[in-house]
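Numbering (my numbering), first residue to last: 2 to 155.
Below is one structure, written out as structure tokens, with a few remarks after it.
In structure tokens, the structure reads:
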């Protein structure tokens, strides 16, 4: 595996996040759209506190991105504040696949989540290959909706 560096995206990374997001969308067959990058940057920056995002770099290039949405539960009597993450997308640049980039991004998200009030991570695995990938990382599933449990076993 080539050296992979993972970091949480900051406000200064907004254009990088937008460009990787667009590359992901294009791979899924979405069309180009004039002004898309600016529109994405504005929306992502406005929601950044609840959009934890990780960027992978390998061999001096942007290698991938993992985007999430943090959902905060409403207060409940006798319960500490909790939240959970929904993984919106994991994308690895085609030339960087099969180098451990997706695993490194996912592990960074899990480790960050352990330091917060996040109690579980959910995602939709689009196919069998993705489901097997997430299962190897500890996600469980009765189907395509997968979950990684972070709650205390009490």
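No residue lacks a Cβ here, since even glycine has one placed at the ideal position from N, Cα and C.
With a 10 Å radius around its C-beta and 16 neighbouring C-beta atoms as the bar for buried, classify residue i as buried or exposed.
i, result
"residue 61", "exposed"
"residue 10", "buried"
"residue 68", "buried"
"residue 79", "exposed"
"residue 2", "Note on residue 2: pLDDT 47, under 50, position unreliable in the model; no value is reported."
"residue 45", "buried"
"residue 177", "With the chain covering 2 to 155 only, the question about residue 177 has no answer from this structure."
"residue 27", "exposed"
"residue 86", "buried"
"residue 64", "buried"
"residue 124", "buried"
Report the residue from the options whose alpha carbon sits nearest the alpha carbon of residue i.
i, options, result
"residue 127", "147, 85, 31", "147"
"residue 7", "80, 26, 104, 99", "104"
"residue 118", "108, 106, 151", "151"
"residue 82", "96, 72, 123", "72"
"residue 13", "56, 87, 98", "56"
"residue 131", "90, 46, 116", "90"
"residue 120", "84, 64, 94", "84"
"residue 98", "34, 37, 66", "66"
With which residues is residue i paired in a DSSP beta bridge?
i, result
"residue 150", "121"
"residue 141", "148"
"residue 6", "58"
Are the C-beta atoms of residue i and some chain D residue less than 8 Å apart?
i, result
"residue 106", "Within the model displayed, chain D is absent; a lone protein chain is all it includes."
Segment contact, 8 Å Cβ cut-off, at least three pairs: the region 16-24 with the region 37-53: yes
Sequence ranges, beta strand (DSSP E) only - wholly within the region 31-107, length at least 3: 54-59, 62-73, 84-93
Are three or more beta carbon pairs between the region 96-112 and the region 124-140 nearer than 8 Å? Taking 8 Å as the limit for Cβ pairs, the verdict is that the region 124-140 does touch the region 96-112.
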